[in-house]
Each structure stands twice: as C-alpha cells, then as structure tokens.
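*Asks:*
Protein chains: 4
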Amino acid sequence: MQTFELYLAGRFIQTNDVLQVNDKYTQVPFAKTFLAGPKEFESAIQQAEDSKSALANWPIFERFSTLNQIAERIQHSREELATLLSRESAKPMMYALAEINRAAQTFSAAATACRNLTGEIIRLDWTPNGKGRTGYVQPFPIGVVAGISPFNFPMNLAVHKLAPALAVGCPIILKPASSTPLSTLALAKILDQCGVPRGAVSILPSTRETGMALVTDDRIKLLSFTGSPEVGWYLKEKSGKKKTVLELGGNAGVIISKSAQLEEIITKCIVGAFSYSGQVCIHAQRFFVHRDHYPTFLDLMLSAAKRLKIGSPLDSLTEFSVMIDAENAQRVDTWVDEAIATGAKAVLRGNRMKNHLDPIILTQTQAEMKVRREEAFGPVICIEPFDTIEEAVALVNEGRFGLQCGIFTEKVDEIDYSYTHLEVGGVIHNDVPTLRFDHMPYGGVKDSGMGREGVKYAMQDMMEMRVLVK
Amino acid sequence: MQTFELYLAGRFIQTNDVLQVNDKYTQVPFAKTFLAGPKEFESAIQQAEDSKSALANWPIFERFSTLNQIAERIQHSREELATLLSRESAKPMMYALAEINRAAQTFSAAATACRNLTGEIIRLDWTPNGKGRTGYVQPFPIGVVAGISPFNFPMNLAVHKLAPALAVGCPIILKPASSTPLSTLALAKILDQCGVPRGAVSILPSTRETGMALVTDDRIKLLSFTGSPEVGWYLKEKSGKKKTVLELGGNAGVIISKSAQLEEIITKCIVGAFSYSGQVCIHAQRFFVHRDHYPTFLDLMLSAAKRLKIGSPLDSLTEFSVMIDAENAQRVDTWVDEAIATGAKAVLRGNRMKNHLDPIILTQTQAEMKVRREEAFGPVICIEPFDTIEEAVALVNEGRFGLQCGIFTEKVDEIDYSYTHLEVGGVIHNDVPTLRFDHMPYGGVKDSGMGREGVKYAMQDMMEMRVLVK
Amino acid sequence: MQTFELYLAGRFIQTNDVLQVNDKYTQVPFAKTFLAGPKEFESAIQQAEDSKSALANWPIFERFSTLNQIAERIQHSREELATLLSRESAKPMMYALAEINRAAQTFSAAATACRNLTGEIIRLDWTPNGKGRTGYVQPFPIGVVAGISPFNFPMNLAVHKLAPALAVGCPIILKPASSTPLSTLALAKILDQCGVPRGAVSILPSTRETGMALVTDDRIKLLSFTGSPEVGWYLKEKSGKKKTVLELGGNAGVIISKSAQLEEIITKCIVGAFSYSGQVCIHAQRFFVHRDHYPTFLDLMLSAAKRLKIGSPLDSLTEFSVMIDAENAQRVDTWVDEAIATGAKAVLRGNRMKNHLDPIILTQTQAEMKVRREEAFGPVICIEPFDTIEEAVALVNEGRFGLQCGIFTEKVDEIDYSYTHLEVGGVIHNDVPTLRFDHMPYGGVKDSGMGREGVKYAMQDMMEMRVLVK
Amino acid sequence: MQTFELYLAGRFIQTNDVLQVNDKYTQVPFAKTFLAGPKEFESAIQQAEDSKSALANWPIFERFSTLNQIAERIQHSREELATLLSRESAKPMMYALAEINRAAQTFSAAATACRNLTGEIIRLDWTPNGKGRTGYVQPFPIGVVAGISPFNFPMNLAVHKLAPALAVGCPIILKPASSTPLSTLALAKILDQCGVPRGAVSILPSTRETGMALVTDDRIKLLSFTGSPEVGWYLKEKSGKKKTVLELGGNAGVIISKSAQLEEIITKCIVGAFSYSGQVCIHAQRFFVHRDHYPTFLDLMLSAAKRLKIGSPLDSLTEFSVMIDAENAQRVDTWVDEAIATGAKAVLRGNRMKNHLDPIILTQTQAEMKVRREEAFGPVICIEPFDTIEEAVALVNEGRFGLQCGIFTEKVDEIDYSYTHLEVGGVIHNDVPTLRFDHMPYGGVKDSGMGREGVKYAMQDMMEMRVLVK
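Protein chains in written order, with the working numbering: chain A, 16 to 485; chain B, 16 to 485; chain C, 16 to 485; chain D, 16 to 485.
(1) Is there at least one Cβ from chain C nearer than 8 Å to Asn-131 of chain B's Cβ?
(2) So Leu-139 of chain D contacts chain B; which residues on that side make the cut at Cβ distance below 9 Å?
(3) Check each candidate in D:Gly-268, D:Lys-258, D:Glu-399, D:Arg-387 and name the one with the smallest Cα separation from Asp-314 of chain D.
(4) Any C-beta of chain D within less than 9 Å: which residues of the region 147-160 of chain C qualify?
(5) Per DSSP, what kind of secondary structure is Pro-310 of chain A in: helix, strand or coil?
(6) Between the beta-carbon of Ser-164 of chain C and the beta-carbon of Ala-126 of chain C, is there less than 8 Å?
(7) Is the separation between the beta-carbon of Ala-46 of chain C and that of Ala-86 of chain C shorter than 8 Å?
(8) Using a Cβ-Cβ cut-off of less than 9 Å, list which residues of the region 427-440 of chain C approach chain D; keep chain order.
(9) Considering only DSSP beta bridges, list what Ile-235 of chain C is partnered with.
(10) Closest to Lys-190 of chain D by C-alpha separation, out of D:Gln-300, D:Pro-169, D:Pro-328, would be which residue?
(11) With DSSP as the reference, label Tyr-110 of chain A as helix, strand or coil.
(12) Look up Ala-46 of chain B in the DSSP assignment and say whether it is helix, strand or coil.
(13) Does the CB of Thr-81 of chain D have a neighbour CB from chain A at under 8 Å?
(14) Suppose the cutoff is 8 Å on Cβ atoms and the five residues either side in sequence are ignored; what does the same chain contact list for Asp-340 of chain C look like?
(15) Report the rounded CA-to-CA distance for Asn-171 of chain B versus Val-160 of chain B, giving the unit in angstroms.
(16) Taking Trp-73 of chain D as the reference, give the member of C:Asn-72, C:Ser-327, C:Thr-142 with the closest Cα.
(17) From Ile-396 of chain D to Gln-90 of chain D, what does the alpha carbon distance come to, in whole angstroms?
(18) Give the C-beta separation of Phe-416 of chain D and Gly-358 of chain D to the nearest angstrom, bearing in mind that I take them to be a contact with Cβ-Cβ under 8 Å.
(19) Strictly below 7 Å CB to CB, what residues from chain D border Thr-349 of chain A?
(20) Measuring alpha carbon to alpha carbon, tell me which residue in A:Arg-346, A:Pro-394, A:Phe-122 is nearest Lys-321 of chain A.
(21) One question on the structure: do Pro-156 of chain A and Cys-185 of chain A come within less than 8 Å of each other, judged by their Cβ atoms?
(22) Whole angstroms is fine: what's the gap from Glu-135 of chain B's alpha carbon to Ser-433 of chain D's?
(23) Quick one: which chain B residues come within Cβ less than 8 Å of Arg-467 of chain D?
(24) Would you say Gly-145 of chain B reaches chain D, if we count a Cβ-Cβ gap shorter than 8 Å as a contact?
(25) Listed in chain order, which residues of the region 104-131 of chain C have Cβ atoms closer than 7 Å to some Cβ of chain B?
(26) Could you tell me whether the Cβ atoms of Ile-60 of chain D and Asp-307 of chain D are closer together than 8 Å?
(27) Could you give the DSSP three-state label for Ile-443 of chain C: helix, strand or coil?
(28) Report yes if the CB atom of Arg-481 of chain A is closer than 8 Å to the CB atom of Val-439 of chain C, and no otherwise.
(29) Helix, strand or coil for Asp-38 of chain D per DSSP?
(30) Given that a residue counts as buried once 16 or more other Cβ atoms are within 10 Å of its Cβ, and exposed if not, what is Asp-428 of chain C?
(31) When Cβ atoms are compared, which residues of the region 235-253 of chain C fall closer than 7 Å to chain A?
(32) Short check: CB of Phe-303 of chain B to CB of Cys-284 of chain B, under 8 Å?
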C-alpha cells in the first residue's frame, strides 16, 4: 500500500495520525497518508508568513518557468495521476484524464497570467491641487492564502487555488478533502521538483476541526473555499479579518428553447446531467424544455441515459460509476423518495446499493422539492416544460442559487434576454451549464458564492493595490 | 451679409481673399468669409509648434472644463448653428439639428476621454536581466495635428478632429471644406470663449493647393483627413514623415435576411438611403434582400421613398432637399444613365434640375456599374436579391470599399457569420450602416481608409507612447 | 430651528423619534431631524429591492446627466452646505468648503465612471474544446447596497458610497453618523431634484442598534462601512452573506528623509497634523525624521503649531477649532497623560475644556503607547528620529494599521524602497499621508480595512461579472 | 559549403540566382543561398493572400503551441544558430548567443500575447438613440504583412516581425538583409517543423529592387521595416495604401548626472558604446557628462575601451571584432576625419584596415558634425560635458533623431524632468539607451521612425478593430 506524505512548507513529513484512503469503487483501502494536527498547521502558517517576502520578490521569469514546468510534468504523468484520482474519487477514467489535462492547463494559464501582472498610471490633475501629480497603482501580493478544496475535482479545484497563488507570489496552505487527499499530495511532489520556493506551499489533509486554523488565524489574509454552501457561508462568518472567496454549488438550470435542435444536444445534456454521477458544482440539475419539444426531449434523454455505460471507473469506457460514499447516495435517494411522495414522477430510476446509485430522471417536480430546490450533487435531474422564454428564465431564477445556466437557442432575442435576466455567474450558449474553461471567470451569485476564480480572476483577490502618489 | 473671420492661432483675422458662401438651396450668397493663404498657414503652423509644450502641460481639470463648456455652448446655440449649417450645406433642419447635438456630444465625450488618459506599468523581469526593473508606459501628445474635413457634416466631422486633439493636448490646424466653412468658423467663436489655449487651434478655409501645406509640412506630425477616397490616398502619398488617418467613404451594404421583420425596418432603410440626399460616408447604397422578401421590400421602399417630404432644408418638416452642387447631381445622374444603359432598371427616378436630384431606386444592377461599385454620394440605391447569407456577405464584400454594413436578422448564426466575414470597420445589427455613435470606433478597411475615429480612438493616433525603464 | 426630514426611497418623511443636532462649537441645538426605526429600514430595504431592476436598466445618458447635475447643484450651494457642515461638525469653514468641493468632484468623477462601464471579450480557444467559442464578460449591478458613514467628513465620505452606487445602478441605503446627519439630508434634497430614480436612495439616521438591519439583512448584497476599526471588523463578522468594504482608520506615518527641504514642507505637515483637530482617517499622527533634521524639524513644527489660528469654525480664518465632543477630547487627553507618565515628553501641550483640546506635540514616545499605537483621531502627533530609511520604514510598519504614508525625499532609491516595503494602501511622495484625490484608489491594509474606494474602485465592488460563453 | 534554400509559403526552394555569403571576419564565402526574383515574390504574396482566412481562424491553442515550440527549438539549437549568426555578421559569440536567446524569448512573448487577444464591450447608451445598444469591439488580422529586416540583428529583428504576425494570424513575407540572410533561413526550418500553417510564412532574400514588390503591392496591408532612416522614409512614400511601421535608427544619447556613481556604470557604458562595433540602432553614441565627472569619466572610458578584447567573433572571449563591411568602416573613419578637421579631438583612435575599425572616442565635437548629428552605426562615441540637467536634455534633443536615451542619476527630479522632456521613445534609467527588453514598447519619434514594436505593441498594428453594434 503506497504511502503519501504530507507537504509542509517544502518538506515531506509524516504524523502519528494515519489516514487510510479507500478505493471508492472497491471500498478497499489502497493507500495511506496522514492527518495534519495543530502543530503542523502552526508550522505551515508561520513558515508561509516567513516566506512572504521571498515570494513577493520571486522574479517573473522564475515563476513563469516553474509554472510551465509543473504543467508539463502533470501532462507527462497524466495516466498515473488520473488513475490515482480515479481510485480515490471513483471518477471514471475518461473524466479523470480530462481533469488532469485541465490541471495542467490551469498551471499554464497561471504562467501566462503572471506575465500579465501590470499596473496602471492615472493622472491626478483632475483638480487644481493635483497639478503635476501622477498616481502609480500596482498590485502587491496579499500575503498568506489558505485554500480548502473539495472531493469532486480533487486535483483541478485545488490547482485553481495553488496556481494563482504562485503566479501572484503568495504562500499558500491547502487543505484537500480528507476523502480524496492523494491527488494533491502527488502534485506536491511535482511542485517540489519544479522550483517552488521553500515555504511557499503546504498541503495538509486534516479533520475539519483542525483545519479551522486556516479560517480563524489572522496571519492568513485570504481564505479561498470551494465546497458546499452550508460550510462556505459558515466559514465566512468565522473568517475574522481575512477576505473570503467562496466557490459553492447550485442546482444549475438548462433552457431548451423552441429553436434548439434536439438531436444535436442530447449528448451534451447527458454529460451535463450524469457525468461523475452529478457530483459537480455545475451539474445540470434542472432542465426546462419548450413545451413543443418536451415529450421528444424526455424520450431522447431517457434512452440516452439508459445507454450510459456503467462500471468500474478504471475502465476507460465507463461513463458512469459509483458515488463518493453511501451517505450521499442515500441522501439523494431519500430526496427522490420525498419528491415522488409529493407528486413527482420518476421517468427513470434504478436501484441503490451502498454508494452505487443509478441515473434518475424526474418530471412533475415542484420548486420546493429538495431535488429541485437544493443542490442534489447526485445523479438526479428534473425535466419540466415551459411556454415562453420569460417563464423559462424565471424558473431558472427560482430559489437561492445562481452559478451557471445553459441555454440552447438559435434566436438573438432569446440569448440576449436570458443573458440579461438570468441571475447567475455564467450563461452558456448552446451547451450545458457544466461547461467551464479554466481561464474564464467562474463563480456564483446569490447563495452560490462570492468572488470569481479562473486564474487571472482568482489572482485579483490575492492582490492588494498600492498607489504611489508622485 | 454676415462676415465670418478666419481663426488663426487664437485670433480672428481677415485676408484679402474673400470667399462668398452660397445658400445651397437658394443658390444665393448669404455670408462671406476669407481664404487663408500661404502666409496664414505658415503662421498657424509655427504658432501651433510654439504652443506644443503649453498644450502638453495643459492640466486635465482645465481641459475637462473647457471641453464641457464648449459642449454646453454648442447645445445652447443649437438652433442658430443648425440654421447656419443648413443654409451652407442644404441639409434639412431635422438632420442639421441632430448634427449639432452630436457635435456637442463629441466634445462631451472628449471631456470624458481626457480624464481617462492613463499609462501602463509593465514588469520587465520576464528575463533575468530585467530583474528589479519596471517599465512605465505613458502617452505623450504627438505634436501638431492637421485636420481636413468635408462638406457633408461640416460641423461634426471637424469636431471629430478638434475635440480629440484638445483632449490629448495637441495643437490643431483645421481646413474645413471651402463650400461649407461657416459652421466651424462659428464654432471658433465658441472655442475662443471657453479657454482654449492661445495658439492651440486654427481654422483656415483655403484652396486645395494652399491647404497642401498641411500635408507636406514636416512640423505637422499627424494628418487626419475625412473626405473622398481619391483625395485621401493621394494625400497619404504626399504626407512625408507624418502619420495619416484617412476616413474615406464607401458604398455601404445592407443585408435584409429572411428573419427580418420588413414593416419595422423600412423607416430605417429610407433614412439610410436618402438622408441628406445620400451625401453621407455611410450612406446605405446597396441593399441585398433575401429572395422571399425581395418583391415586398421593393414595394415598401418605393412607396416610402415617394412619401418623402421634399422641400427647403430650412423647413422643419423637410426630409429631402437639394444636393451640395449641380456638378455632383449631374455626376450621379450620369452614373444612373450609364447603369440603365447597361441593363439596370430604375424602379424610381424623378427629374434633375441644377443641384436638385430626386430619390432613385435601381434594381438589376451589376457589380461593375458605377452606381454600385463606386461611392455614389447621392440619392441613389441599388436593391438586389440573395439566397443565402454567405452569398449576401460576398455581395457586400465585392469591390474595394469596406466602411460599415447593416444586417437585419433575428438569427444568432447569421449575425455571427456576418460579423466574422464582412470586410468592414463596423457591422450594425438590425439597423442601417448609416448608424454611428460618436464615441464608438469608426473607420474603414480596404479603400475606405485607415485608422479609427470616435474620440478615444482618434486620440490614440494623436499620442506617442514613451517608456521609462526603471 | 430648521427641520431636516429623512429621505426614504424617494420621499421625505418624519418619525416620532426626534433627533436634536447641536452646533458642535456652541454646544447649542440648532436643527432637528429624526431617527429612523425598524419600520423605516424595512421599507427602505424593500423599496430598494423593488427598484433594483429599474436601476440596473437606468440608461447611461440619464445617469450621466443626473450625476453631473448633482455635482453642479452642490457646487452652486457650496456656501450654504459648508456652513451647515461646519456647524454640525465644528469643522473650520476653510476645510468645510474644501469638503463640499470634493463632494461635487466625487459626483463628477462618478459621471465619468458610469460612461466607462465596459466589458471584456476573451477568446476561449486556449484548448481544443473551446474552438469557435468566445467569452463575453460584463459587469452587472450587485443589488442593494448599504452605506454607513462617519461624522468626520459627513458629506464626502457618504458621497463616496452614494455616487458610485448610482453610477453602477445599485439602490443604496445610507446611514449617516447620528451626530452629523444634516449634510447628507441636505444632499437628499439635491438628489431628489436631479432625477434619481424613485426608490434608489434612502438616507436614514438611526441608533446603532436599529442600523444593524443594514448589516444583517440578506437582501442587501454589499455593506460599505467607513468608521472606526473596532466597529468595522465587528460588522464584518455580522454581515452574513454580503460583501463588505471597510474603510477604517490608522495612525498614519510620515517620513522626513535627509534629502527633504524642511522649510518647504512644514505647512503641509501642520495641515496633516492638525486639520480638523486630527479627526481624519489619514491624520498624520507619527512623524519620523532623519536625525540630522530632527531638532530643526521639532522647532519648526512647534512654532508653526503655535501660530495656528484657533477659534470658531464659522470664522473663515480659523485653522483649528474644537473636537466633535467632550468624550473624545478627554480620551485623547488621557492617552497623552498615560504617554507622559511612561516617558514621553510633551513639547507642546495646552489646556482642555469640554470638547476644546489644543494641539499636542510629543516626543520620546514608545511603540506601545496608545498615542502612537492606536488611532488617536485627535490633535496629537509624535515626532521621533531615525537613522536609515530601512529603519524609518520599519517604524511606519510597526503596529497593526496600514492606510497611507507620506515620505519627503529627493532620492530615487528612497522612494522606491519605501513604496515597495511600506505596508499601506497608499504612499504619498513629498506630501503628508493626509492627501487624497477622490478618483484615486483609497483604502487600507492590515487592520485599516479591506477593499478600495475612489469612485471607479468603489464601483468594482458594487458589480458582479457575468460571463456569456458563446 | 552549406546551402540554404529560400522559404516560399511553406516550401524550400532554389532559384537560378545564387547568393554567396561571406564569413564577415575571414571575408571568405562559407555558405550559399539564393536571391528570390519577381516570380517568387508574386507567388509568395498570392499564397499569403490565399492563406489569410486559414491564418485568421488558426485557433489560439495551436498558435500558442507552435510559437512555444519554435522558442524551444531555437533555444535547443542556440549554439549552432549563434555560430551561423556570428559568421554571417561578424558579431562576437557572446552577443550572438544573447541574440539567439532573445529570439527565443520573443517567440515566447508572442505565445503569451496570442492568448491575450481580447476585445472590448462598450455601452452605446451615452445618448438616447443608443438605449439598449451595445458595442462589441474585436481585433481582426489586418491581412498580409511584409517585413524587411536589417543585417545587424539578423535573427531577432526579423523575429520581431515574424512572431507577432503569427500570434495575430497574419501571413508574412520577410525579406532579410542580403548580407546576412542565413539566420532567418535557418529559422525557416524550425518554423516549418513546428506546425506553422502552409502559406503563412515566406523568407526571401532579394535585391532591393525586387524587394520593392513588398512595398508597392496592394495585397499587402502592412509594411514593417527595420533599417536606416533614409530607406525607411523613402519606403513610406512608396507604400501606397498600406500601413507602415518604421523602426529606424538614431544617435542615442546618454546623460551622466552629478549623482551618478561612475565606477558602477563604466561597464554598461562601454557595452553601449562598442558592442557589435556600434552597429546597433540604440548604440550609445553621444555621452553627456556632468562637468564635475567629466575628466574622470573620460579617463575611465578610455582605459576600459583599451581593455576591450578584440579578435575573431567566434572566440567566446572576444568583445569587439570587425564591422559588417569595408564600406561602412571607411564611412565612419571619414566622418571621424571630418570631425577632427573641424575641431574635434580624438581621445582614442586606432587603425582601420578593410572592415576592421578600432574603437574611437571623440571630444570637443559640435552638434553639426556627422559623428554626432548622424547615425554613426560604427564604433565611435562623443563625450561632452554639461552643467545642468536642462542643458543635458537639450543636448540629447538636438538634431532629428529620437529613439532611446539613457540617464544615470539618483535624483527624483532629474529622472522626472528627463522623462518628461526627452523627445524619444524610451528613457532608460541607470543604464545605456542600448538596453531593450523584447516585450516592452520599442520605437522612435522624430526621424527615428513611427510605430512601436515589442510583440504585443507590434501586434496592434497588425490588427483592424471591427465593431459590432447590437
């Protein structure tokens, strides 16, 4: 059984607190690592603090070179990293490989972004007392950053914190999900070989309690959290004087308008609905379909869902596998039961066994049902009809979330109306909300979070502007 | 008869060379001004040169205040200025008033733009030898600017040179069209009252020969010309070491796609076709209409053109009046004769008398006919059918011009395809190419010119970047 | 006695809870207004929420016109507004007039800034799956904004919240300090006359308890607070799901280096030290002087401080008057006593009577003394020597605040070193930290706050980016 | 003898017109290539035109990958490429290697820059008729680009045209100097292996006459020329309807102020003065030294110049070798003779033999002497004293050139005054004007050229903005 050491400010260490990591498909432990304790966190924070100045002065040519090297090594080890990721998360290999590719791309985008760190010169003679005066506005690294990342993209969502921090020149302490800590610890080895300054990065799995040090310690200037809304908003409250960026989830909607070409979109819709069993922040959970298309769309989705290849995540052909754990499978199943009990109809529903849960398609749902109102984070979708684009947009806007939305339409006025009125961070034209490019701004409004990631956007929150009035 | 003095570097002067200005509708002289000679140009250039440094150091709060005051005074005198403009150009009052409004708006946009003059700070440590080095990139005024403006928008097209020059801090010498010099000379009085630094502005009507000083003199660093393609490209050749911005004309196209709603667009099309007798750089000259709409569109345009209220430009209800002079009316009429002689069909054609020429609608034209290939700059349009959007775009792209194009469509793919493939400076969705906002980038490709105007865009060509490596 | 009504979503109202406002110099009530209660806050928040969409769609030309009109009317009523401000705050007229000018300028800057609201188009084909895809990133108003503003700049620090909110298109509810509510209520009348959309603005003095609705209500999306560090950080903790911008105070430092010309800088230093009795967020509290200059600087400051014209704030020649209230005067006086008791030496110290407190100059202070460590917000300064620029910068960086710093030097390496190493939001070359231009980024690091104001910078926090992937 | 084939739109070809290339140090032919004739130019232009659309649609991920690959291969072959460059140009290996490094860096900067191609979204509702309208401004490739590059940096100055063109998506035809065509033809092989689209690039040495096709052909939309002022301005006149960017030379000045530390700057000054025998556009030709430093500086420069290691360029220790040809050596020598005949004094002067010319230091020169007024482009410098910074700046500004200037000073006011008043494209603080970073804006004012290079700056001239009004 392979052992993964923690990464503490540039050293690989072990603690007395062993953490067994299960293969989520076989449910058998296949690797071990450790939980960091208060001592490790204190050490990480202090060493990060001590390395602040070195990081801030890390020249761009070295940052650029290091970030590119990391991207290349990730790419070079992609099979190996994807296998590890697939085992610890039960993510089908095709998606695990895609995630590793994206992690490499995220580092590459950070390399580009660090070259783009620029300042602004403004004229101050807008008033007589500013005559002869000029303002020089430049960004400075904010200081120590803490990242907390979730299980569902154990590599790339962590990289979306690590890569921007390095690009800006901020030390960072990352707490990966304790169910899937291995991908980032494997990444730690790559970081370590590519010239990341000593002290700059720590990767420390821990209990949630111990990890609260990252939330409450005042030496940390930014907390960047990706995870569930409940936890996220709670952490903001406890975050003291630090900035917080919250990348939370939602119950993303999709609009299939009258002008959509159904045949061409089903593949995208099925991927948005069931990839990684819907355990995706921008999982396409609510489909709103123009009434003219409604019956056909339902049929097409049903047959496509039935064709999904279910099996072991390590099989390269597998499209759908198990969920992260039995608790979540049960939670989703219970929500579905509740929905059916209050009037919803299951067009498709298979069995659940432990953490195995088959794709589920519901109709006749109501806004207040949990499967529609809450973040399902599981393989369940709701498909409902609408009559006008205004109605469709209102349906997407119901409730408290607002991350992304997809809309399939060929009409200028429909896309314009939707973009203007959808209360979300991103509108995806002719694709599902599940689409994300790693260098685009990404993040939610309403209860889906605050702040934006997407490398250069994440970097903005990691900097403080300082003006020189000369 | 009112006398308008020349404006020479902050003084109003007269010369021995009197220029009578006709009321273009009555053909009777109604005002007089003067032609500047070589001596005046030399004096203007030298005083501009001498005032360079003062202009460059003109504080933003004063520029802002002056530019805003000018805008307000123009607005305050709009009736009077529009009447003058209408008389010297035969532009119907409704359009003359709109032009005066726009001139005020252009100065207001320049006031905003002068506050936005900013620089950029770039990091130079992309390579080891740049470690610790920073680049400060700031714009400096290019020096003396020369503007040559045409008769068709005697006020606003001159203002598109004057206002940016003042916003940047460049002295400028303007040569207005000698057929319509009065609007800018009236403007000179406003400039003079609003605190424009002495020496900064000269407005000098002259013969074309004398005016060549502005093209050939090496003290002038930028020539900004708006006028005909033939003259423009000739001036570029003669421009020596100076930069040139050429805002020339074209034979703008309009695409009416299958998804357009004909009833709603006819008013816009008629304005694009016949406002100021087509003497507009972005006159909608070539209409390409989806074959399904073709007969109806032709009918609607024909009846709408017949309803145009023709009369004296000073009448507030007049929509259509005379052309600038008999030569141009005759030229257009001859082109129409030629077109008909080689196969075109006149759906609408009235009489010509002196500079009076009625609206003309042609069909069955060919690409090589002058009415379609050249810039008509007169009240003639061609209406032709097409079958596919690709064909429509190819028709617009035929020939050597590329200024703006209008496209009426409700389909996303049609607007995307058109925007990507039309060889023009601007694509106007659901309107005619004749639409222009004064703060948007405006200018043509191919033989329609080089460079862009639109206040902040015009200002870019009036500045040189200077980097400080520290 | 004049009555000022509250401004509730476009209507002027009274409540049963009368608030007497004292003339701070005479200590006699001179006007009355009202305290808003929970009902008024609920109404304001709901009407703000209801007007969100109208505000978001408020066209730029109307915003621009309204913001400019407000600026002009403020300018037009400057004497009257300054007198009111002077009476309610005991701010000397020369400074009150300057503040009114600045408030007009802040609205003018907001007019400019609303025209500059732009978006970004990014290419998404950095990866093969982005081929043919483009990202359109545009800002949208964040929703309802709450502003809480302090007594010391009762007009302009409120305007720094109101003007940006209107420029962005966000409804705003402002709670002014209850000791100085009149300036903003006078401003409300101007806003009301200039076309601000109904429901967009409420101005509600209240008790601190009632005002907590602005902090805790989830319909409000941004809390912008200017005030004391203690209150600010507490409010952040209570702010729920909303963003917070905190403009807090500090104990700003000034560095007088060896190359400084003492004679030329004393006037600036005295203004930075004692204007408005030091009740300024960027009050120059700690002077660090090169040892060679130390004795002379002390002498010069002493005699200049003695020359300050002390008297009624309404006297146009008065440079120094009373503090806001007796409690604060006593607090400062006590801190000075404590400092002297533990070794500090008072070079200058007069008497205190009620809210009257004379200028105080201390030397031989220690880092841990309250007069040096805390925000004095009173007419006391510490003057200490240093030997090297590194030492001077370290002295400024001691402690927990970091707002602005002034440095007087003629040497390139000193200004570069200082700018790079000072932990502040702004470094002012050859002036005191008390200098601020209303359109420059302004805000602190460390305990001095988070986020930046300065119109366009304040606006950024009032917007959410929304990406359209096409 | 190695043969280098021409590169014609993606194919390597030979012509009947053989061009022998001398080793410039031994004066013996060491390689051969060919001259392109009118047929080759016609073919290159037409194929470039035909590939325009493919280039414009070349996805960013492929451009990025290709540009990075090119950078890596150049780096990988740096010894080999530097040796070739050294032989064809007599550039000492230490400088040849540096140039190859920079060429790789320029391609890397272009890779970064192609990801940064973005557009702008502007609001059009500044006026009522713009209500609901938005402007989308995006850059499009201008079309076919022609580059003409000089002998002195045969690789990197060509790369400054090739790399930006590929980053933008413009086909490019490059005419390298016929005395040093080999470096770019060796580069052609690398381009060919790295996925540059067929037709995108041609590299064609030719006679000046034949090469005029690049200047006069209307299918070419941009001429980017680096070379002598005389040729450059002549080409602008002949350039027809195309844009021109001219990177010409100058007689760059250096200011050594009173506050400069002489010992630390001599090495930089010697490199600026004599690297590659002064055959550098930003060769430090005129040194202006504060009178207090003047005698010492002269001494230090004299002894440093005498210590220069002179020899074969292929020797890795050689600092100074021969000039490009005997004609130029003789020209410079003659100018020196003339200067001495009219009063200048030679502090250092060795012999000339063929293209060998020793370093020359002159004093007591006059503004009108050719060694000071014209671009020497040879190993001669003038050293003169000054008394005030204003005088020094005026001396640098004398004459018709304005490329870059170096200034050594420790005083804020001197660097500010110089930056503001020097009529140049770049001011280098505490270094010689010879310093250039490949991603910074680079280019001259006055007779030194028009436009800026520096990858992203060069790219701006290779694009046309197109606005979509929606």
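Note that CB positions come from ideal geometry on N, CA and C, so glycine has one too.
*Replies:* Once the coordinates are examined:
(1) yes
(2) Phe-452, His-454, Met-455
(3) D:Glu-399
(4) If the cut-off is 9 Å between Cβ atoms, the region 147-160 of chain C has Gly-147, Thr-149, Tyr-151, Val-152, Gln-153 near chain D.
(5) helix
(6) In this structure, Ala-126 of chain C does not lie closer than 8 Å to Ser-164 of chain C by Cβ.
(7) Contact: no.
(8) Val-427, Asp-428, Glu-429, Ile-430
(9) C:Val-159
(10) D:Pro-169
(11) helix
(12) strand
(13) Closer than 8 Å: no.
(14) Lys-39, Ser-194, Asn-370
(15) 17 Å
(16) C:Thr-142
(17) 34 Å
(18) No, Phe-416 of chain D and Gly-358 of chain D are not in contact; Cβ-Cβ is about 22 Å, not under 8 Å.
(19) Those within 7 Å of Thr-349 of chain A in chain D number zero; the least Cβ separation is about 44 Å.
(20) A:Pro-394
(21) yes
(22) 19 Å
(23) Met-480
(24) yes
(25) For the region 104-131 of chain C, which is checked against every Cβ of chain B, the residues closer than 7 Å are Thr-127, Arg-130, Asn-131.
(26) no
(27) strand
(28) yes
(29) strand
(30) exposed
(31) Trp-248, Glu-252
(32) No. Outside cutoff.
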